[in-house]
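Novice:
Residue numbers (my numbering): 52 to 324.
1. Can you list, in chain order, the residues of its chain whose CB lies under 8 Å from that of residue 80, leaving out five sequence neighbours each side?
2. For the 8 Å Cβ check, are there 3 or more pairs between the region 95-113 and the region 171-179?
3. Looking at the structure shown, is residue 2 part of a helix, part of a strand, or coil, going by DSSP?
4. If you follow the beta strand (DSSP E) that residue 124 is in, where does it begin and where does it stop?
5. Suppose you measure from the CA of residue 215 to the CA of residue 74; what does that come to, to the nearest Å?
6. Tell me the DSSP bridge mates of residue 224?
7. With residue 236 as the anchor, note down where its alpha helix (DSSP H) starts and where it stops.
8. Suppose contacts are defined by Cβ-Cβ distances below 8 Å. Is residue 142 in contact with residue 160 by that definition?
9. In this structure, what does DSSP give as the bridge partners for residue 320?
10. Run through DSSP, which three-state label would residue 110 get?
11. Name the residue from 182, 304, 192 and 83 whose alpha carbon lies nearest to the alpha carbon of residue 262.
12. In three-state terms, what does DSSP make of residue 155?
13. For residue 53, which residues in the same chain have their Cβ closer than 8 Å to its Cβ, ignoring the five residues on either side in sequence?
14. Return the CA-CA distance between residue 252 and residue 307, expressed in angstroms with no decimal places.
15. Rounded to whole angstroms, what's the CA-CA distance from residue 198 to residue 223? Just pull it up for me.
16. Give the single residue among 115, 102 and 145 whose Cα lies nearest to the Cα of residue 129.
17. Verify whether the separation of the beta carbon atoms of residue 276 and residue 293 is less than 8 Å.
18. According to DSSP, simplified to helix, strand and coil, what is residue 170?
19. Which two residues bound the contiguous alpha helix (DSSP H) that contains residue 213?
20. Rounded to the nearest angstrom, how far is the Cβ of residue 227 from that of residue 169, given a contact under 8 Å?
21. On a CA-only basis, which of 192, 201 and 132 is nearest residue 164? Give me that one, please.
22. In or out: residue 105 buried (at least 16 other Cβ within 10 Å) or exposed?
23. Suppose you measure from the CA of residue 321 to the CA of residue 281; what does that come to, to the nearest Å?
24. Where residue 188 and residue 132 are concerned, what is the direct C-alpha to C-alpha distance, given to the nearest angstrom?
25. If you compare alpha carbons, which of 217, 289 and 71 is closest to residue 240?
26. Leaving out five residues before and five after residue 65 in sequence, what residues of the same chain have Cβ atoms less than 7 Å from its Cβ?
27. When we look at the beta-carbon of residue 67 and count the other beta-carbons within 10 Å, is it buried (16 or more) or exposed?
28. May I ask you to report which of helix, strand or coil DSSP gives residue 279?
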């Protein structure tokens, strides 16, 4: 069968933790694989990381940038928990659940075969409790600088789905936490994927109580300024993927039947060049 092209899907942690949603996703991916798509599934899992951090006595911390993007502040202690939960429990649970739909899946982190490389943020600017910009040490978070596409090509040739946990390697072999949406967008752009689908727990980008059907990549920042922290990042990363070479991106609900197929038909918010 002639491949339909690369398809990159990002599933949020809440959906990844819900067995019914994962079952629907797995069945849909199995259908898409039969159509010839080469599938890369990037997952989150932040809520589970937070839960296990608290169990282990590591208090999670979140920060907001001056542009309004909320992210996890990763200390060395939380990086250890993050690595165990994201690259271990969440990744392998997804691999196991995909197998129930007859899919062969290989689970890796961005650290494996140098799949994702990143630049550690030595300093970051956040909003302090007074809402004023403040410079603080960057912790163990990174900005993705490279994607090993040869590794992904090999994985998607050997298995039906490559399941990727958002970790990256920084200078000196240091592990870094990278945002899942950022990882999916970087992978989609590097692979020149035909589509990037960002699955979330809402119908798409909501403005004035309605789903925005389409956002031009060049207008992403204007739309991002009008939404909440979590959706802001998704809009910006979707646009970054399109500018980087992906055909189009869709921000769509993951808690529906055939969520990816529905998104590819325009169900959700489509971001185009």
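Beta carbons are placed, not taken as given, at the ideal position from N, Cα and C, and that holds for glycine.
Specialist: Reading from the atomic positions:
1. Sequence index remark: in the chain shown, residue 80 carries index 29 (1-based). So the qualifying residues of the chain are 60, 90, 92, 149, 152, 154, 211, 212 and 311.
2. Short answer: they don't touch.
3. Here the chain comprises residues numbered 52 to 324, so residue 2 is not present and cannot be evaluated.
4. What you label residue 124 is simply residue 73 of the chain shown in a count that begins at 1. That run of the beta strand (DSSP E) goes 121-124.
5. As a first step, residue 215 must be located in the chain shown, where it is residue number 164. As a first step, residue 74 must be located in the chain shown, where it is residue number 23. Cα to Cα, residue 215 sits roughly 18 Å from residue 74.
6. In the chain shown, counting from the first residue as 1, residue 224 sits at position 173. Paired residue(s): none; residue 224 is not in a bridge.
7. The residue given as residue 236 occupies position 185 in the chain shown. Residues 231-242.
8. Start at 1 with the first residue of the chain shown, and residue 142 comes out as number 91. Start at 1 with the first residue of the chain shown, and residue 160 comes out as number 109. In this structure, residue 160 lies closer than 8 Å to residue 142 by Cβ.
9. Here residue 320 corresponds to residue number 269 of the chain shown, with the count starting at 1. Looking at the DSSP assignment, residue 320 forms a beta bridge with 302.
10. Locating residue 110 in the chain shown gives position 59, counting from the first residue. Three-state result, residue 110: coil.
11. Counted from its first residue, the chain shown places residue 262 at position 211. Here the closest residue by C-alpha is 304.
12. Here residue 155 is taken as the residue at index 104 of the chain shown, counted from 1. Here residue 155 sits in coil by DSSP.
13. Taking the chain shown and counting its residues from 1, one reaches residue 53 at position 2. With a pLDDT of only 44 at residue 53, under 50, the local geometry of the prediction cannot be trusted, and the value read off the model is given with reservation. So the qualifying residues of the chain are 87.
14. Here residue 252 is taken as the residue at index 201 of the chain shown, counted from 1. Here residue 307 is taken as the residue at index 256 of the chain shown, counted from 1. Spanning the two alpha carbons is a distance of roughly 9 Å.
15. For the purposes of this step, residue 198 is taken as the residue at position 147 of the chain shown. For the purposes of this step, residue 223 is taken as the residue at position 172 of the chain shown. Residue 198 and residue 223 have their C-alpha atoms roughly 17 Å apart.
16. The sequence position of residue 129 within the chain shown is 78, counting from 1. When only C-alpha atoms are compared, the closest one is 102.
17. Locating residue 276 in the chain shown gives position 225, where the first residue counts as 1. Locating residue 293 in the chain shown gives position 242, where the first residue counts as 1. Their beta carbons are not under 8 Å apart, which means residue 276 does not touch residue 293 by this criterion.
18. Working through the chain shown from its first residue, we reach residue 170 at position 119. Residue 170: strand per DSSP, three-state reduction.
19. Translated into the one-based positions of the chain shown, residue 213 becomes position 162. Looking at the DSSP string, residue 213 is not in any alpha helix (DSSP H); the run it does join, the beta strand (DSSP E), is 212-216.
20. By 1-based counting over the chain shown, the position of residue 227 is 176. By 1-based counting over the chain shown, the position of residue 169 is 118. Confirmed, about 5 Å.
21. The sequence position of residue 164 within the chain shown is 113, counting from 1. Comparing Cα positions, the closest option is 201.
22. What you label residue 105 is simply residue 54 of the chain shown in a count that begins at 1. By the neighbour-count rule (16 or more Cβ atoms within 10 Å), residue 105 is not buried but exposed.
23. As a first step, residue 321 is located in the chain shown; it is residue number 270 there, counting from the start. As a first step, residue 281 is located in the chain shown; it is residue number 230 there, counting from the start. Spanning the two alpha carbons is a distance of roughly 17 Å.
24. Translated into the one-based positions of the chain shown, residue 188 becomes position 137. Translated into the one-based positions of the chain shown, residue 132 becomes position 81. Their backbone Cα atoms lie some 20 Å apart in a straight line.
25. On the chain shown, position 189 is the one that residue 240 refers to. Checked all of 217, 289 and 71; the closest Cα to residue 240 is 289.
26. The residue labelled residue 65 in the question sits at position 14 within the chain shown. Excluding positions up to five away in sequence, the list reads 98 and 252.
27. The count along the chain shown starts at 1 and reaches residue 67 at position 16. By the 10 Å Cβ count, residue 67 comes out buried.
28. Taking the first residue of the chain shown as 1, we reach residue 279 at position 228. Coil at residue 279, not helix or strand.
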